[in-house]
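Each residue of the sequence shown is one higher than the last, beginning at 63 in this note's numbering.
Report on the structure given below.
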Amino acid sequence: MGKQLLAIIKNDLKIIFKSKMIFVMIGSLIVYSFYIGFIYSKVDIEPYSIYVYDENSVDVFTQNNIFSVASEDELYKKLDSDKEGIGILDIGSESKIILKDSGDAKVNNMKKLYANNLLEGNNTDVNVEVLKQENLEIKRRLEMTSVVVFFEITAISFLSIAAIFFKEKEMGVLNVYSIMPIHKILLILSKILVFTSIEIIFATILSIINIDYGVFSKVFGDVIIQILLLAPIMVTLGYIFSLIYKNFKQFIFAYIIIVILFTSPVFLFVSSPINWSGIKFFPTYYLFNNLYNAFFNNLIFNPYYYICWGIILGMLFVINVKLINREMIREGV
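Structure representation (structure tokens):
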């Protein structure tokens, strides 16, 4: 059985190289890295205005978005005129963050996090610390790298698995396999192993190029685990749609539904201030949210997530095997 699996993997890799998929991935690495390194991470996002009242007046602020005010009353007046501003009161031994309610809990939380990054412990001589620009750049690099990895797995690989399947069909590979004494389960297992390995290599290279090595080394294990969870789901799902449709043109219809309606909304509501409670009904929300949190070293273990993943993957695996058998019968084998 092991030799059969290796033979199928070897054949899958041969077809992948013939289809020039590797060159597409190399091109994607170059384009994505250029975008992350020279465009997205360099975008000058104007920060919130910070109004600080410190009764001890221990520091002079030179940062453009931080303003020192003379009194608590003046601070409130500033917030009345600047609805997006953030107030920091440093009175006695307590520091307090004051926000105008934006009407969106997610935006309010982002402001709180931003202000907390500016505050330093009360036992120090300096009450306010400016968030360093390089930290903002690393955050943007992590954010976009997680988005690109997710898009690569859910969209590009989903399309690639179909391209490989229809190439095999055109070459009569299924006909050959059907007359050989091999387990049908190995056909899908091979695809999972090959494409998951490719995605791990892609994500690792992309991360090393675009993220500081010291930062990525801390999250590498969690990121790889999430890829190991996400890639098999998308490979089996892509193979199912490939087996359902007769040709690649018909498959494109399903591809549009999956990419535009199934995965794209996730990017909007996880990595942006936009909030929508309905996003939790998208299965891909949990897959992307875990991958996103893994990049930021903020992954929380949830046993129910992994149990559901195992059940879903098992169901997809069974469906694949049945559809492969049906496809061989349809081909007249």
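Each residue gets a CB set at the ideal place from its N, CA and C atoms; glycine is no exception.
In this text the structure is predicted, and so the values were computed from the model without any measurement.
Backbone CA spacing between Leu-299 and Val-235 [nearest angstrom]: 20 Å
Inter-residue CB distance, Ile-273 and Leu-353 (contact presumed, cutoff 8 Å): Not quite, the Cβ-Cβ distance comes to about 14 Å (not below 8 Å), so this is no contact.
Own chain, CB closer than 8 Å to Ser-304, minus 5 neighbours either side, in chain order: The beta carbon of Ser-304 sits closer than 8 Å to the beta carbons of Ile-223, Ala-224, Phe-227, Phe-228, Phe-313 from its chain, once the five residues preceding and following it are set aside; these are given in chain order.
Distance CB(Val-211)-CB(Ala-265) smaller than 8 Å: yes
In DSSP terms, what Ser-157 is bridged to: Asp-152
Local conformation of Val-190 per DSSP, three classes: Model confidence at Val-190 stands at a pLDDT of 39, short of 50, so the residue's coordinates are unreliable and nothing is read from them.
Residue(s) in a DSSP beta bridge with Tyr-115: Beta-bridge pairing by DSSP links Tyr-115 to Leu-151.
Beta-carbon contacts of Ile-287 that lie in its chain and below 8 Å, excluding the five residues immediately before and after: Ala-356
Residues that DSSP places opposite Ile-101 in a beta bridge: Answer is none; Ile-101 lacks a bridge partner.
Backbone secondary structure at Ile-244 - three-state DSSP: coil
Nearest-angstrom beta carbon gap, Thr-258 and Pro-294 [assumed within contact, 8 Å]: By a beta-carbon distance limit of 8 Å, Pro-294 contacts Thr-258. Their separation comes to about 6 Å.
Assigned exposure category for Asp-74 - 16 Cβ within 10 Å defines buried: buried
Cut-off 6 Å between Cβ atoms - residues of its own chain near Ser-103, not counting five sequence neighbours on either side: Glu-199, Arg-202, Arg-203
Contacts around Leu-361, its chain only, beta-carbon distance under 7 Å, and the 5 residues preceding and following it disregarded: Asp-284, Asn-352, Asn-355
Beta-carbon gap between Leu-221 and Tyr-94 smaller than 8 Å: no
8 Å contact criterion, which Val-297 and Ile-254 should meet: CB distance rounded: Contact holds; Cβ gap of about 5 Å.
Where Asn-382 falls, given that 16 or more other Cβ within 10 Å makes a residue buried: buried
Between the CA atoms of Phe-282 and Asn-309 - distance to the nearest angstrom: 38 Å
Straight-line gap, Lys-173 to Tyr-275 (C-alpha atoms, nearest Å): 29 Å
Residues near Leu-68 in its chain [Cβ-Cβ closer than 8 Å; skip 5 each side]: none
is_contact[Ile-148, chain D] using C-beta, thresh 8 Å: Protein chains in the displayed structure number just one, and chain D is not present.
Cβ shell of Tyr-97 (< 8 Å), same chain only, five flanking positions each side left out: Met-206
Which listed residue (Phe-379, Met-233, Tyr-301, Thr-346) has its alpha carbon closest to that of Tyr-367: Thr-346
Status (buried if at least 16 other CB within 10 Å, exposed otherwise) for Met-83: buried
Start and end residues, alpha helix (DSSP H) containing Phe-396: With the chain covering 63 to 395 only, the question about residue 396 has no answer from this structure.
Among Ser-90, Gly-149, Glu-136, nearest to Tyr-110 - alpha-carbon criterion: Gly-149
Anticipated Cβ contact below 8 Å, Ser-81 with Glu-214, distance rounded: Not confirmed; about 17 Å, so no contact.
Spatial neighbours of Ile-306 in its chain, beta-carbon cut-off 8 Å, leaving aside the 5 residues before and after: Excluding sequence positions up to five before and after Ile-306, its CB lies within less than 8 Å of the CB of Ala-316, Leu-385, all in the same chain and listed in chain order.
Whole-Å CB distance - Tyr-301 paired with Ile-250, under 8 Å assumed: 6 Å
Euclidean distance between Cα positions of Tyr-176 and Glu-136: 22 Å
Under 8 Å between C-beta atoms of Ile-341 and Val-328: Their beta carbons are under 8 Å apart, which means Ile-341 touches Val-328 by this criterion.
Exposure label - Ile-263; buried when at least 16 CB within 10 Å: exposed
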